[in-house]
Each structure stands twice: as C-alpha cells, then as structure tokens.
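Visitor: Numbering (the working numbering), first residue to last: 276 to 599. From the three backbone atoms N, C-alpha and C, an ideal C-beta is built for every residue, glycine too.
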C-alpha cells in the first residue's frame, strides 16, 4: 500500500505501510534497544499485562524469534517517524488461530503520546487490512481504564462489543466490519459463479445445481466484495433421521480461493444461523468434507456418527448445531 500524500521524505523500500508522517516496517535487530526502552516504562505497560524485557539481549532474542511475519501481511510492525527515522513504538495486525480473528494493536513510547501518532498508524493498518488483505473484520481490546486507547479505537470507527477478561484484567472488546463486503439473499443459479470454481471445478456447469435449490423454503446467501460475488452458502429445509423438529441442511458453502482465510466463511454461516433463528428453526446440519471439519467445529458444530464416503468427492462427516 502506498501513501497517497506527496512527500520528499525518504521511505525505505521494505516499509509495509506509509502515512503522512510515518512508515511501518518489520522489526530488525537494530530495534532491540528501542523495544527494551518501550517495555521498560511502567506507564506504557500499565494496562497491557506484559512484562518488561530483562535486557537489550532479551529484546533482541524476541525480535530474532518473532514468527508472526510468517503469515503474509500479519504482524506487529515498527512505527518509524519519517522526518528523523525515530522509532516510536509498534502497531499492527495479529492473527489468533483459535478464535479465527485478526486483532489490531499498538504501543508507543510515552514521549510520543498525544501527537496523534497512534491514531495515524492504527487507521493506516485498518486501511491495509481491509483494502490490501481484504479482511472481513478486525477486533481490538483495551483495558477498561485505558481511556486513551478507547479514544483511538473509537476515532477510527471501532464499536464496543462487550466487557471481558483479557489476561486476567477487565477489558473492552471492539470490532470493525469491512464495508466493502455485503451479504445478500440470492437465487440458486446466482450461487454457481462461486460453487463451480470451488466445489465443481472441471465438471459441467450444470453440476452446480442442487436438488431443492428452487424450493420456496430454500435460502441462498451471497457474499459480495465491491459488488462481485466471492462467497455463497445455501440452507435447505430438509430432515435428517438423526434429529427431530424443524431442520435445515447447510450446503454449498464456498469462498473463492483468493478470499479464503479472511473470516468470510464465518460471516456467511453466522448470517444463515441468524435467519434460521428468526424463522424459529433451531437445528442445522450438514455433510462436511473432511478438510472442512475443523472450520465447523470452531463454529460449535458437532460430529455425529462415523465418517462416510461421497463419490467422487471423498470422506464426509455428519455435523450439526443447536441454534438455541
């Protein structure tokens, strides 16, 4: 991502994000002393739950073993002031695999507080996350008493979600949704542009049709990025003998490859569950491909019975979820 503002200040090629006054880059060994100073200020760490580094060598060890950059586009980045190459602190994105969310975080040396640097860096990271990485949403948290951090998050659009315990301390959780995405109810045939390349690649286009696609009770959802379909899911009113009461089957959940691992599948499933809840349907089930089982277990779906084969696709598992 490049800065849209003109500047004659030198910015290294390895910078990831640039703003009017700052550039963000990966940590280097030369940052160890600055990181040691940053984490040795009690006021800086007051609300974080983190411990100071024992020494500059300890900070260097942290930098040398920092693995967050292995996930493309992720990590905490050094925040550098353009005018003098001063190390201000860090800001960036962190992926949490268990929760399947990306959080925004930041920390600056005290002498650089109240200049708007945290807001400037955080806003640029949001833009990078949504425009370059095309993430669907971000989360953030701040200690309940950290008013300065709350102001930064609220200023760049984050909304309060709940109060929770983070590292044993009461914190506010925030979230921000990428407005480039929208979910719409669509027709069965409109799902084909995503079903075909993801679920029926190499087969005739007509194989994208599912029995029940045109039924009156069937719900098809399309996820659009800047008006282009990138994900779909279908919910069909269909009973399985394992369950009782009104049931729906989830079928055809697919996200285009270039948009996968961005939290989009979770958005589609969550929207489908909300619609079924509104219809007072509380049992949803599916036949999950083996590779998708972990995705659904992370969304609180449970495996029922033993695996079975679906030719020519492969091993599947019956999974279900009680919506209430």
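Under 8 Å by Cβ, that's how I've got residue 448 and residue 473 pegged, so tell me the actual separation to the nearest angstrom.
Guide: Actually they are not in contact, since the Cβ atoms of residue 448 and residue 473 sit about 32 Å apart, beyond 8 Å.
Visitor: Determine the extent of the alpha helix (DSSP H) in which residue 580 is found, giving its start and end residues.
Guide: It is not in any alpha helix (DSSP H) - residue 580 instead sits in the beta strand (DSSP E) that spans 577–585.
Visitor: Could you work out which residue in 468, 463, 328 is closest to residue 530 when comparing CA atoms only?
Guide: Cα-wise, what sits closest to residue 530 is 468.
Visitor: Counting along the chain, where does the beta strand (DSSP E) carrying residue 530 start and finish?
Guide: Segment 522–530, the beta strand (DSSP E) holding residue 530.
Visitor: Once the 5 residues before and after residue 571 are set aside, which same chain residues still bring their CB inside 6 Å of it?
Guide: So the qualifying residues of the chain are 563, 594.
Visitor: Going by DSSP, which residues form a beta bridge with residue 414?
Guide: Residue 414 pairs with 378, 450.
Visitor: Report the rounded CA-to-CA distance for residue 555 versus residue 561, giving the unit in angstroms.
Guide: About 18 Å.
Visitor: Here's the rule I'm using: 16 or more other beta-carbon atoms within 10 Å means buried, otherwise exposed. How should residue 386 be labelled?
Guide: Exposed is the call here.
Visitor: Pairing CB atoms from the stretch 453–470 with CB atoms from the stretch 333–341, are three or more of them under 8 Å?
Guide: Taking 8 Å as the limit for Cβ pairs, the verdict is that the stretch 333–341 does not touch the stretch 453–470.
Visitor: Under DSSP, the alpha helix (DSSP H) around residue 347 begins and ends at which residues?
Guide: Per DSSP, residue 347 belongs to no alpha helix (DSSP H) and is neither H nor E.
Visitor: Could you spell out the range, first to last residue, of the beta strand (DSSP E) harbouring residue 560?
Guide: Element bounds for residue 560: 558–564.
Visitor: Tell me where the beta strand (DSSP E) around residue 457 begins and ends.
Guide: Segment 456–460, the beta strand (DSSP E) holding residue 457.
Visitor: How should residue 292 be labelled, buried or exposed, when 16 other C-beta atoms within 10 angstroms of its C-beta is the threshold for buried?
Guide: Flag for residue 292 reads buried.
Visitor: Between which two residues does the alpha helix (DSSP H) containing residue 572 stretch?
Guide: Looking at the DSSP string, the run of the alpha helix (DSSP H) that includes residue 572 is 568–572.
Visitor: Measuring CB to CB, does residue 445 end up less than 7 Å from residue 419?
Guide: It is a contact, given that the beta carbons lie within the stated cut-off.
Visitor: Since residue 296 and residue 357 should fall inside the 8 Å C-beta cutoff, what is the C-beta to C-beta distance between them, to a whole number of angstroms?
Guide: Right, the Cβ-Cβ distance comes to about 6 Å (below 8 Å), so this counts as a contact.
Visitor: Exposed or buried, what is residue 525 when buried is set at 16 or more other beta-carbons lying within 10 Å of its beta-carbon?
Guide: It is buried - the Cβ of residue 525 has at least 16 other Cβ atoms within 10 Å.
Visitor: Relative to the alpha-carbon of residue 340, which residue among 592, 566, 317, 303 has its alpha-carbon at the smallest distance?
Guide: Comparing Cα positions, the closest option is 303.
Visitor: For residue 512, which three-state DSSP category applies?
Guide: Residue 512: strand per DSSP, three-state reduction.
Visitor: Run through the DSSP bridge pairs and tell me what residue 498 is partnered with.
Guide: The partner list for residue 498 (beta bridge, DSSP) reads 458, 506.
Visitor: On the CB-based measure, 16 or more other CB atoms within 10 Å of its CB, does residue 466 come out buried or exposed?
Guide: Looking at its Cβ environment, which holds 16 or more other Cβ atoms inside 10 Å, residue 466 is buried.
Visitor: When we look at the beta-carbon of residue 393 and count the other beta-carbons within 10 Å, is it buried (16 or more) or exposed?
Guide: Classification of residue 393: buried, given that the 10 Å Cβ count is 16 or more.
Visitor: With which residues is residue 366 paired in a DSSP beta bridge?
Guide: Paired residues: 352, 381.
Visitor: Name, in chain order, the residues that DSSP records as bridge partners for residue 389.
Guide: Residue 389 is not bridged to any residue.
Visitor: Taking only the alpha-carbon atoms, compute the straight-line gap between residue 569 and residue 390 and give it to the nearest angstrom.
Guide: Cα to Cα, the separation comes out at about 44 Å.
Visitor: Over what stretch of residues does the alpha helix (DSSP H) that includes residue 549 continue unbroken?
Guide: Per DSSP, residue 549 belongs to the alpha helix (DSSP H) from 539–553.
Visitor: Please report the distance separating the alpha-carbon of residue 377 from that of residue 484.
Guide: Roughly 35 Å separates the two Cα atoms.
Visitor: Rounded to whole angstroms, how far is the Cβ of residue 507 from the Cβ of residue 547, which I believe are closer than 8 Å?
Guide: No, residue 507 and residue 547 are not in contact; Cβ-Cβ is about 11 Å, not under 8 Å.
Visitor: Suppose you measure from the CA of residue 463 to the CA of residue 372; what does that come to, to the nearest Å?
Guide: For residue 463 and residue 372, the distance between alpha carbons rounds to 32 Å.
Visitor: Can you give the Cα-Cα distance for residue 521 and residue 410, rounded to whole angstroms?
Guide: Taking the straight line joining both Cα atoms gives about 34 Å.
Visitor: Looking at the structure shown, is residue 409 part of a helix, part of a strand, or coil, going by DSSP?
Guide: The answer is coil: DSSP assigns residue 409 none of H, G, I, E or B.
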